[in-house]
Amino acid sequence: MRPHASVLHIDLDAFFASVEQRDKPSLRGKPVIVGGVGGRGVVATCSYEARVFGVRSAMSTREARAKCPHAAFLTGRFGAYQEASRAVMELLRSVSPLVEPLSLDEAFVDLAAADLPAYDVESLTSFGHELRARVKEVTGGLTASVGLGTSKFIAKVASDLDKPDGLVIVAPGTEQELLRPMSVTVIPGVGPATAERLRRAGVQTIAELEAVSEDELVSQVGSAHGHSLWHLARALDSRPVVAERETKSVSVEGTYEDDLTDRKVMESLLTRQAGHVAERLRKHGLSGRTVSIKVRLYDFTTLSRSATLPSPTDSSATIARIARTLLADLDTTGGVRLLGVGVSGLADWVQDDLFGATEEETPEDDIPQLESRYGRGWWPGQDVVHAEMGRGWVWGSGKGVVTVRFETAETGPGPVRSYAADDPALGHYSSEVTPDET
DNA sequence: TCTGGGGTCCTAGGACCC
DNA sequence: TCTGGGGTCCTAGGACCC
-16 MRPHASVLHI DLDAFFASVE QRDKPSLRGK PVIVGGVGGR GVVATCSYEA
34 RVFGVRSAMS TREARAKCPH AAFLTGRFGA YQEASRAVME LLRSVSPLVE
84 PLSLDEAFVD LAAADLPAYD VESLTSFGHE LRARVKEVTG GLTASVGLGT
134 SKFIAKVASD LDKPDGLVIV APGTEQELLR PMSVTVIPGV GPATAERLRR
184 AGVQTIAELE AVSEDELVSQ VGSAHGHSLW HLARALDSRP VVAERETKSV
234 SVEGTYEDDL TDRKVMESLL TRQAGHVAER LRKHGLSGRT VSIKVRLYDF
284 TTLSRSATLP SPTDSSATIA RIARTLLADL DTTGGVRLLG VGVSGLADWV
334 QDDLFGATEE ETPEDDIPQL ESRYGRGWWP GQDVVHAEMG RGWVWGSGKG
384 VVTVRFETAE TGPGPVRSYA ADDPALGHYS SEVTPDET
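Residue numbers (our numbering): -16 to 421.
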């Protein structure tokens, strides 16, 4: 337990949706839902305007559509989110060297490593306000919720108390009175399954959890979890903020619009995924010994199989071959909704090939066919450029027609036009292709 | 036509070794 | 011949997080 509220947790509000509203003025003040737009998509983030209608993260897009049919449903632009995230993380690192990103939109900062002039609640409050103002500046207007406390647990609980655009500091010594009335579900690691187990044992609040002995908790939920719960219920949390965390695994998976039944198709898809995994391993200078596949059947039963090699690999041919072999052992009659490939047991080096032979990459000649079958094209929210009309984004698409709204944060809302999906004047926007150059 | 994608950590059982 | 532990590695599955 630290003497001051020197651990900071920051959470960008409705992150993906806020980036869309920032860049697309016509979406401001409106319900925006970012996630998978297909039949099996789920909501990744939604704006506060959409939450009013009961839309939540992780809800199926189908359900979200039923609750809020007039919302804008967008697939998301990861490049833009990464860029905004990078700006925020850079700002945080300028404040303290000890920054632990949890995702694109969340991080812990250890202010004890920041060398602030003072750590009393009042000084930390003005620091927090200033930080939030600077986040707004460096992101072009995004808001963040910030919490400060004597531990990671308390800082995270604090940032959640006044969302969106809030700042909460939990004064040292007041942690337990804050926690006691709260639901056990605020404890990190208590999800639906643990909450249900505890509820059956008559435990719903942290005060009630505090009354359960450590041995009892361990026997209820297992050793690691039990000890952790016992401590967190008492606001005992000495976990350090860790700046650099090693990657432990790299994986790619996909859920398909229609269940797969053809083994040849499954093998081709695994081969392609293996290629993406290998590419990412090589990009980060990694290789791994254990290759795994994940198969989700039509009824949502999820199977995994893995095999461990004597030495690490980053070869797409090797990963693909093992993945296909692992699939061969599984019964997939009835259909497969998800396939995935991963590599773990990572090392930051690749075993030298003693024989100097270069491995042949498997030809992926059936990929174009697969793409035409499983879809690619114009996705809602995607940025586009039109030779005459300039920059815009896909509003909707279907039946060979794509509807584009022409606007940017600079130009503001512009006209909406529809084009044939194969219109040559319509191009995918990237930083290398500006309207002027087309 | 309910239920994404990318991860982390934990558990439990079996093999194998000392 | 019987009876032990402990430790490590591997595999499969599950809970959880954003």
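No residue lacks a Cβ here, since even glycine has one placed at the ideal position from N, Cα and C.
Only a predicted model underlies this, so the values are computations on that prediction, with no experimental measurement involved.
Would you identify the three-state DSSP class for residue i, choosing helix, strand or coil?
i: Gly339; result: Reliability fails at Gly339, whose pLDDT of 43 lies under 50, so the model's placement of it is uncertain and the value that follows must be treated cautiously. Here Gly339 sits in coil by DSSP.
i: Asp348; result: Because Asp348 sits at a pLDDT of 39, beneath the cut-off of 50, its placement in the model cannot be relied upon, and the point is left open.
i: Ile170; result: coil
i: Phe136; result: helix
i: Arg272; result: strand
i: Glu415; result: Its pLDDT being 36, under 50, Glu415 is placed unreliably by the model, and the measurement read from it follows with that caveat. Of the three classes helix, strand and coil, the one that applies to Glu415 here is coil, per DSSP.
i: Ala90; result: strand
i: Asp145; result: coil
i: Gly397; result: coil
i: Val225; result: coil
i: Ala257; result: helix
i: Leu131; result: strand
i: Arg423; result: In the structure displayed, the chain extends from -16 to 421; residue 423 sits before or after that span and is not available.
i: Leu150; result: strand
i: Thr188; result: strand
i: Leu215; result: helix
i: His210; result: helix
i: Asp405; result: coil
i: Leu(-5); result: strand
i: Leu464; result: With the chain covering only -16 through 421, there is no way to say anything about residue 464.
i: Leu85; result: strand
Could you check where the beta strand (DSSP E) with residue i kicks off and where it finishes?
i: Tyr239; result: Ser232 to Leu243
i: Thr386; result: Val384 to Arg388
i: His(-13); result: Element bounds for His(-13): n/a, residue is neither H nor E.
Have a look at the options and flag the residue whose alpha-carbon is nearest the alpha-carbon of residue i.
i: Arg288; options: Pro295, Gly271 and Leu310; result: Leu310
i: Gly37; options: Thr44, Gly24, Cys51 and Thr28; result: Cys51
i: Gly156; options: Arg217, Ser30, Asp312 and Ala306; result: Arg217
i: Leu212; options: Val201, His112 and Gly24; result: Val201
i: Thr188; options: Thr296, Glu160, Leu313 and Gln4; result: Glu160
i: Thr168; options: Arg5, Leu215 and His210; result: Leu215
i: Asp282; options: Thr296, Asp241, Arg304 and Pro293; result: Asp241
i: Ser128; options: Asp143, Arg34 and Ala184; result: Asp143
i: Thr108; options: Gly375, Asp98, Ser(-11) and Ser221; result: Ser(-11)
i: Ser294; options: Asp314, Thr284, Glu105 and Ser270; result: Ser270
i: Glu371; options: Val384, Glu393 and Pro407; result: Pro407
i: Tyr64; options: Pro398, Glu179 and Val2; result: Val2
i: Arg265; options: Ser86, Val274, Thr254 and Val233; result: Val233
i: Ala303; options: Met(-16), Ser166 and Thr254; result: Thr254
i: Val71; options: Arg48, Glu113, Arg117 and Ser106; result: Arg117
i: Asp(-4); options: Asp103, Gly130 and Thr386; result: Gly130
i: Thr296; options: Gly237, Arg307, Arg272 and His267; result: Arg272
i: Arg69; options: Gly59, Leu85 and Thr58; result: Leu85
i: Glu46; options: Glu66, Gly19 and Arg60; result: Gly19
i: Gly237; options: Arg182, Gly174, Arg23 and Gly149; result: Arg23
Whose C-beta lies closer than 7 Å to the C-beta of residue i among residues of the same chain, with five residues either side of it excluded?
i: Ala434; result: Given that the chain is displayed from residue -16 to residue 421, the structure contains no residue 434 and the question cannot be resolved.
i: Pro(-14); result: Pro155
i: Glu354; result: Residue confidence is low: Glu354 scores 37 on pLDDT, short of 50, so the model does not pin down where it sits. Its coordinate-derived value is still stated next. Once the five neighbours on either side are set aside, Glu354 has no close Cβ partner at all.
i: Gly123; result: Arg5
i: Lys231; result: Ser327 and Leu329
i: Trp361; result: Val377, Ser380, Val385 and Ala404
Leaving out the 5 sequence neighbours to the left and right, which residues in its chain are closer than 6 Å to residue i when beta-carbon positions are compared?
i: Met42; result: Val26
i: Gly209; result: Leu200 and Val201
i: Ala54; result: Pro14, Ile16 and Ala33
i: Ala0; result: Val15, Val17, Thr28, Cys29 and Ser30
i: Ile428; result: Because residue 428 is not part of the residues shown, which for the chain are -16 to 421, the question remains open.
i: Gln256; result: Val235 and Val324
i: Glu342; result: Interpretation of Glu342 is limited by its pLDDT of 46, a score under 50 that renders its predicted location unreliable; no figure is taken from the coordinates.
The alpha helix (DSSP H) with residue i in it runs from where to where?
i: Glu113; result: Val104 to Thr122
i: Val368; result: Run containing Val368: none in the alpha helix (DSSP H); it sits in the beta strand (DSSP E), Asp366 to His369.
i: Ser202; result: Glu197 to Val204
i: Leu161; result: Glu158 to Leu162
i: Ala178; result: Pro175 to Arg183
If you drop the 5 nearest sequence neighbours on each side, which residues of the same chain put their C-beta closer than 8 Å to that of residue i?
i: His411; result: Gln365, Asp366, Val367 and Val368
i: Ala422; result: Nothing can be reported for residue 422, as the shown portion of the chain is limited to -16 through 421.
i: Met249; result: Leu243, Leu310, Thr315, Val319 and Leu322
i: Arg76; result: Val82
Those runs of the beta strand (DSSP E) which lie wholly inside the segment 280 to 343 and span at least 3 residues: 285 to 296 and 319 to 330
If we require 4 or more residues per run, which alpha helix (DSSP H) segments fall completely within the segment 7 to 45? 31 to 34
Output the residue ranges of the alpha helix (DSSP H) runs that lie fully inside the segment 41 to 83 and measure 4 residues or longer, sorted by chain position. 44 to 50 and 61 to 78
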